[in-house]
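*Asks:* Residue numbers (UniProt numbering), protein chains in the order written: chain S, 1 to 336; chain E, 1 to 336.
Number of protein chains: 2
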Amino acid sequence: MTQTLDIAVIGATGTVGETLVQILEERDFPVGTLHLLASSESAGSSVSYRGKNVRVREVDEFDFAKVKLVFFTAGPAVTLSYAARAHAAGCSLIDLSGALPADQAPQVVPEANVEVLAGLKAPFQVSSPSPSATALAVVLAPLRELIELQYVHVTASLAISAQGREAVSELARQTAELLNLRPLEPKFFDRQVAFNVLAQVGTPDALGHTLLEKRLVRELRQMLAQPSLKISATCIQAPVFFGDSFSVTLQSANAVDLEKVNAALEDAEGIELVEAGDYPTAVGDAVGQDVVYVGRVRGGIDEPSELNLWLTSDNVRKGAALNAVQVAELLIKDLL
Amino acid sequence: MTQTLDIAVIGATGTVGETLVQILEERDFPVGTLHLLASSESAGSSVSYRGKNVRVREVDEFDFAKVKLVFFTAGPAVTLSYAARAHAAGCSLIDLSGALPADQAPQVVPEANVEVLAGLKAPFQVSSPSPSATALAVVLAPLRELIELQYVHVTASLAISAQGREAVSELARQTAELLNLRPLEPKFFDRQVAFNVLAQVGTPDALGHTLLEKRLVRELRQMLAQPSLKISATCIQAPVFFGDSFSVTLQSANAVDLEKVNAALEDAEGIELVEAGDYPTAVGDAVGQDVVYVGRVRGGIDEPSELNLWLTSDNVRKGAALNAVQVAELLIKDLL
Ligand SMILES: NC(=O)c1ccc[n+]([C@@H]2O[C@H](COP(=O)([O-])OP(=O)(O)OC[C@H]3O[C@@H](n4cnc5c(N)ncnc54)[C@H](OP(=O)(O)O)[C@@H]3O)[C@@H](O)[C@H]2O)c1
Ligand SMILES: NC(=O)c1ccc[n+]([C@@H]2O[C@H](COP(=O)([O-])OP(=O)(O)OC[C@H]3O[C@@H](n4cnc5c(N)ncnc54)[C@H](OP(=O)(O)O)[C@@H]3O)[C@@H](O)[C@H]2O)c1
Chain S
1 MTQTLDIAVI GATGTVGETL VQILEERDFP VGTLHLLASS ESAGSSVSYR
51 GKNVRVREVD EFDFAKVKLV FFTAGPAVTL SYAARAHAAG CSLIDLSGAL
101 PADQAPQVVP EANVEVLAGL KAPFQVSSPS PSATALAVVL APLRELIELQ
151 YVHVTASLAI SAQGREAVSE LARQTAELLN LRPLEPKFFD RQVAFNVLAQ
201 VGTPDALGHT LLEKRLVREL RQMLAQPSLK ISATCIQAPV FFGDSFSVTL
251 QSANAVDLEK VNAALEDAEG IELVEAGDYP TAVGDAVGQD VVYVGRVRGG
301 IDEPSELNLW LTSDNVRKGA ALNAVQVAEL LIKDLL
Chain E
1 MTQTLDIAVI GATGTVGETL VQILEERDFP VGTLHLLASS ESAGSSVSYR
51 GKNVRVREVD EFDFAKVKLV FFTAGPAVTL SYAARAHAAG CSLIDLSGAL
101 PADQAPQVVP EANVEVLAGL KAPFQVSSPS PSATALAVVL APLRELIELQ
151 YVHVTASLAI SAQGREAVSE LARQTAELLN LRPLEPKFFD RQVAFNVLAQ
201 VGTPDALGHT LLEKRLVREL RQMLAQPSLK ISATCIQAPV FFGDSFSVTL
251 QSANAVDLEK VNAALEDAEG IELVEAGDYP TAVGDAVGQD VVYVGRVRGG
301 IDEPSELNLW LTSDNVRKGA ALNAVQVAEL LIKDLL
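Right, dumping it as C-alpha cells:
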C-alpha cells in the first residue's frame, strides 16, 4: 500500500485554495485525510474532492496535530495568526500569502532554485512566491548561463483574480453595467476597471511602490541568488479575469545570442515557447495550463545587449496552487 | 474681418478625422471652406461641423488647388498616394499616418520641439507622430534638463481605437458574446481580445518589432534630438476602447531628484500631474482631455538613478487630431 499524508488547506474556499484542492486530485498527490479550512463565514459549506463533497471547517477550531502538512492560501494575516501554532504542532507548511520572511520560509520555484529544498528538514517552512516572481523565475533561470543580467525591467499586467473572488465578480458586474448603459457603481475597486487599465494593484507605500512590486523584486533576487540584481517593476491591473501577462526587457553585459536564448527556452522545464510571429495570451494559452508561455523573443531595435520577452502565466495555477503542490511533491519523502 | 483658410481633411469619416473636425470647431480654427474627403465608400455621407452637415466627397476627385492646408488622417497608403499631388498643387500638409520620412515631414509635438516649425516655409510638410511618441515627448521634454537620459523603457498599453473603427466594434461585439455565453467569433482580430491582453499591435518584422514600436523609437529620438538614445519599446493591445496607458522606466546617468521632477512636471505645458497615492487612468482621466496625465512618479525600489512614471493620454486627441491642429495653429500665420 502506498503511504499517504494528512493535509490541511487553509483558505480552501478561495480562488487559490479551490484550485489547490483540484490540483492535489489531478496530480494524484498521496493525500490521506484532507482538512479544508476557512473562516467562520464559509464553515459548513463544502468543496468537491475526488467526487466527494468535503466539509469546510473553521480554522480557529482546528487541531493542527492531526496533519503533517498545511497549505496557507488565505491572506497574510491568516498566515501570521496560525503559522506558528501549526509549526509548533509539528506541521510542515507551505505559505502562499507572502507573509513569512525568506530566512524563515524561503521562496521556492522548483525550475529556478530547487536546491534550496535540499537544505530543509521536516517540519519545514517554504513560501511559494507571488505569481509574478514565479513566472519570471521560471523564465530567467534557464537564461542565467547565457546572459549576464544587469537590469531586469518588468511591466506585469495582472489578472483581476489576483485580488480574489470579489474582484472577479466586480469586473463582470461593471462590464455588464457598461454594455447595458446602466450607471457604473464601483464597489471593490474605487473606479471603473472594465475597459480600463489601472496603474497599480494595492496601495503604494510612501515611496510609491506597491507590496506586489516589492515582493517581485525581493523574491526574484532571492530565487536567482542575485541579491543586488537591478529590477524595475510595475504591476498594473488589466480587465482580464484569469492569467497574468508580462512585458520584460533584460539588459545583459554582453550582446545577446538570440538563437541560444531560443534554444535554452525550448529546452527548459515549465516553459512553452511560442514561435516567432505568433504570441501567447493569458486567456488563449496560459489559463488552465501548467507552464509559463514565452513569446516575442527579440533583441533591442538597435541595441545588441537587450533582450525582450513576453510571458503569460496562469496566476492561480503556476502562479500559486500548482507551484505549491510541486514543492510539496519534492519534499514529501521527508514527511511520509 | 478675420482671415480664414480653406482646408481639406482626408479620412474625415474615420476615428481621427471626425475628432479633428470637431477640434477645429472647438478651438475656433479660422476655417474658410472645409472639404471633407474619404474613399468612395463613404462619399455622399456627411459629418457635422458648426451645426451643419458637411458632405463627404471622394478624395480621388478632389482638386487640391482649392485649399491651402490638408490634414491626412486616412492610412499611410492614402498619404503616399496623394501627398505629392497636394504638395505640387501648393498645399501645406500635416500627415497623421506616419508615412512620410522625417527629412521630408519632421515629426512635431509643440511641447517638445516647436523650434522645428521655425525652419519651415509654406507649403510645408509636417508629421504628427504616433500617439505613443507624442505622449512620451510631452512628458520627457520638460525632464531633459533634470535627467541625463541613458535608457528609456516603455510598455505602451494601447487602446483598441488605435486600430480604427472596426476594431472598436469588435471589442464591443466580443464582450457581449462572452457575457451572453455565446460562442466567440473573432473577425478583425485573430483571437479573443475582450478580457485579454494581446502582446503586439500589428504584424512584427523579421526581427520581431512592430511598426508602432519602431515608430515610437524613431520619432521620440528625432523629437528629443537624441538620435542614439537607447529605447526599448513594447506596444501591447488592451481591451480598452479609448485612451493609451504607458508604463515608463527611465535610467539616468545620475541620481534622480524626485522633488525637482515633480516640480518640472507640475510646471510643464500639456501635462496634468496626479498627486502621489492616486493615479490617472485612460477612461477616468485622459479620454476627452487635451493633456497627458502623469502619475506614480517614483524612483527605483533601491536604485537612485531610476525614474518610473505612469502616463495616460487620449490617443485620438493629443495622440493625433489635437496635436495636428496645435501644429497648424502655430503655422497658420504663414498660410493666411
Ligand atoms: N489569487 C491569486 O492569483 C493569488 C496568487 C498567489 C497568491 N495569492 C495569495 O493567496 C491568498 C488567497 O488569495 P485568493 O485570491 O485565493 O483570495 P480569495 O479568493 O479572496 O479567498 C480567500 C480565502 O481565505 C479565506 N479566509 C479569509 N479570511 C480568513 C480568516 N480570517 N480565517 C480563515 N480563512 C480566511 C477565505 O475563506 P472564507 O470563504 O471563509 O471567506 C477564502 O477561502 C492571498 O494571500 C493572496 O495574496 C493569490
Ligand atoms: N486611431 C488612432 O488612435 C490614431 C492615432 C494616430 C494616428 N492614427 C493614424 O490615422 C490614420 C487613420 O486612423 P483611424 O483610426 O482614424 O482609422 P479609421 O477609423 O479606420 O478611419 C479611416 C479613414 O480613412 C479613410 N480611408 C480609408 N481608405 C481610404 C482611401 N482609399 N481613400 C480615402 N480615404 C480612405 C476612411 O474613409 P471611408 O469612410 O471612406 O472608409 C476613414 O475616413 C491611420 O494612418 C492611423 O495610423 C490613428
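Beta carbons: idealized from backbone N, C-alpha and C, even for Gly.
On the three-state DSSP scale, how would you describe S:S245?
*Replies:* In this structure, S:S245 counts as strand in the three-state DSSP scheme.
*Asks:* Short of 6 angstroms in beta carbon distance, which residues of its chain neighbour E:L36, apart from the five on each side in sequence? Order them along the chain.
*Replies:* V9, A12, V47, V54 and V56, listed in sequence order.
*Asks:* Whose C-beta lies closer than 7 angstroms to the C-beta of S:P110 among residues of the same chain, with five residues either side of it excluded?
*Replies:* Around S:P110: Q326, V327 and L330.
*Asks:* Pull out every residue of the stretch 82-95 of chain S whose Cβ sits closer than 7 angstroms to any Cβ of chain E, in chain order.
*Replies:* Within the stretch 82-95 of chain S, no residue qualifies.
*Asks:* How about the stretch 273-288 of chain S and the stretch 185-192 of chain S: do they share at least three Cβ pairs that are nearer than 8 angstroms?
*Replies:* As far as the Cβ criterion goes, the stretch 273-288 of chain S does not touch the stretch 185-192 of chain S, which means the pair count is below three.
*Asks:* Starting from the Cα of E:D103, find the closest Cα among E:S127, E:P123, E:L309 and E:L335 and give me that residue.
*Replies:* Of the candidates E:S127, E:P123, E:L309 and E:L335, the one whose C-alpha sits nearest the C-alpha of E:D103 is E:S127.
*Asks:* If the criterion is Cβ atoms closer than 8 angstroms, does the pair E:A286 and E:S252 meet it?
*Replies:* Cβ atoms of E:A286 and E:S252: not closer than 8 angstroms.
*Asks:* Would S:G90 and S:A74 qualify as a contact pair, given that the criterion is a beta-carbon distance under 8 angstroms?
*Replies:* In this structure, S:A74 does not lie closer than 8 angstroms to S:G90 by Cβ.
*Asks:* For E:V217, which of E:L229, E:A118 and E:F124 has the nearest alpha-carbon?
*Replies:* When each option's Cα is compared against that of E:V217, the closest is E:L229.
*Asks:* Quick one, which of E:A321, E:V197 and E:I332 has its alpha-carbon nearest E:F71's?
*Replies:* Answer by Cα proximity: E:A321.
*Asks:* Assuming E:Q237 is part of the beta strand (DSSP E), what are its boundary residues?
*Replies:* Run containing E:Q237: K230 to Q237, per the beta strand (DSSP E) assignment.
*Asks:* Given E:L335, which residues of its chain have a CB within under 8 angstroms of its CB, disregarding the five upstream and five downstream residues?
*Replies:* Around E:L335: L5, K68, L69, S92 and A122.
*Asks:* Are there three or more Cβ pairs, one per stretch, closer than 8 angstroms when the stretch 257-275 of chain E is compared with the stretch 220-234 of chain E?
*Replies:* No, the stretch 257-275 of chain E does not touch the stretch 220-234 of chain E.
*Asks:* In chain order, which beta strand (DSSP E) runs of at least 3 residues are fully inside the stretch 128-199 of chain S?
*Replies:* Runs of the beta strand (DSSP E) inside the stretch 128-199 of chain S: 149-158.
*Asks:* Given S:A194, which residues of its chain have a CB within under 7 angstroms of its CB, disregarding the five upstream and five downstream residues?
*Replies:* Hits under 7 angstroms: L171, Q174, T175, L178 and P239.
*Asks:* Apply the 10 Å Cβ neighbour rule to residue 343 of chain S and answer buried if 16 or more other Cβ atoms are within range, or exposed otherwise.
*Replies:* Not covered by the structure: residue 343 of chain S. The range shown for chain S is 1 to 336.
*Asks:* Please confirm if S:S169 has its CB atom under 8 angstroms from at least one CB of chain E.
*Replies:* No, because no Cβ of chain E sits closer than 8 angstroms to the Cβ of S:S169.
*Asks:* Taking 8 angstroms as the CB-CB limit, is E:I271 close to chain S?
*Replies:* By this cut-off, E:I271 is not an interface position.
*Asks:* Return the Cβ separation of S:G319 and S:A112 in integer angstroms, given the expectation that the two are a contact with Cβ distance under 8 angstroms.
*Replies:* S:G319 to S:A112, Cβ: 14 angstroms. No contact.
*Asks:* Report yes or no: is there a C-beta of chain E within less than 8 angstroms of the C-beta of S:T175?
*Replies:* It does: the Cβ of S:T175 has a partner Cβ on chain E nearer than 8 angstroms.
*Asks:* Residues of chain E with a CB under 7 angstroms from the CB of S:P204: which are they?
*Replies:* The answer, in chain order, is G277.
*Asks:* Alpha carbons only, please: which of E:S132, E:A118 and E:G119 is nearest the one belonging to E:L96?
*Replies:* Nearest option by C-alpha distance: E:S132.
*Asks:* Kindly indicate which residue of S:V138, S:G17 and S:A156 has the alpha-carbon position closest to the one of S:A42.
*Replies:* Sequence check: residue 42 of chain S is Ser here, not Ala. If we check each option's Cα against that of S:S42, S:G17 comes out closest.
*Asks:* I'd like the list of long-range same chain contacts for E:P183, defined as Cβ closer than 8 angstroms, with 5 residues on each side in sequence excluded.
*Replies:* Once the five neighbours on either side are set aside, the close Cβ partners of E:P183 are E177.
*Asks:* For chain E, check one thing: does any of its Cβ atoms lie closer than 8 angstroms to the Cβ of S:A238?
*Replies:* So, interface residue.
*Asks:* Under a Cβ-count criterion, where at least 16 other Cβ atoms within 10 Å of its own Cβ denotes burial, should E:E213 be classed as buried or exposed?
*Replies:* It is buried - the Cβ of E:E213 has at least 16 other Cβ atoms within 10 Å.
*Asks:* Per the DSSP calculation, E:L37 is bridged to which residue(s)?
*Replies:* E:I10 and E:R57.
*Asks:* Leaving out five residues on either side along the sequence, give the residues of the same chain with a beta carbon under 6 angstroms from the beta carbon of E:A167.
*Replies:* These residues qualify, in order along the chain: I160 and F188.
*Asks:* Along chain S, in chain order, which residues have C-beta atoms closer than 9 angstroms to that of E:E166?
*Replies:* Within 9 angstroms Cβ-Cβ: nothing; E:E166 doesn't reach chain S, min ~17 angstroms.
*Asks:* Rounded to whole angstroms, what is the Cα-Cα separation between E:M1 and E:Q125?
*Replies:* Below a pLDDT of 50, predicted positions are generally treated as unreliable, and E:M1, at 49, falls in that range; no measurement from the model is reported.
*Asks:* Going by C-alpha to C-alpha distance, which of E:V297, E:W310 and E:D290 sits closest to E:L20?
*Replies:* Ranking the options by Cα distance to E:L20, first place goes to E:D290.
*Asks:* In the DSSP output, which residue or residues are listed as bridge partners for S:G90?
*Replies:* The partner list for S:G90 (beta bridge, DSSP) is empty, contrary to what the question assumes.
*Asks:* Using the beta-carbon of each residue, which ones in chain E are nearer than 7 angstroms to S:I147?
*Replies:* In chain order: nothing, as chain E lies at least about 15 angstroms away.
*Asks:* According to DSSP, is E:M1 helix, strand or coil?
*Replies:* Because the pLDDT at E:M1 is just 49, under 50, the model does not fix this residue reliably, and the point stays unresolved.
*Asks:* Taking 8 angstroms as the CB-CB cut-off, is E:F188 touching chain S?
*Replies:* False, the Cβ-Cβ gap to chain S never drops below 8 angstroms.
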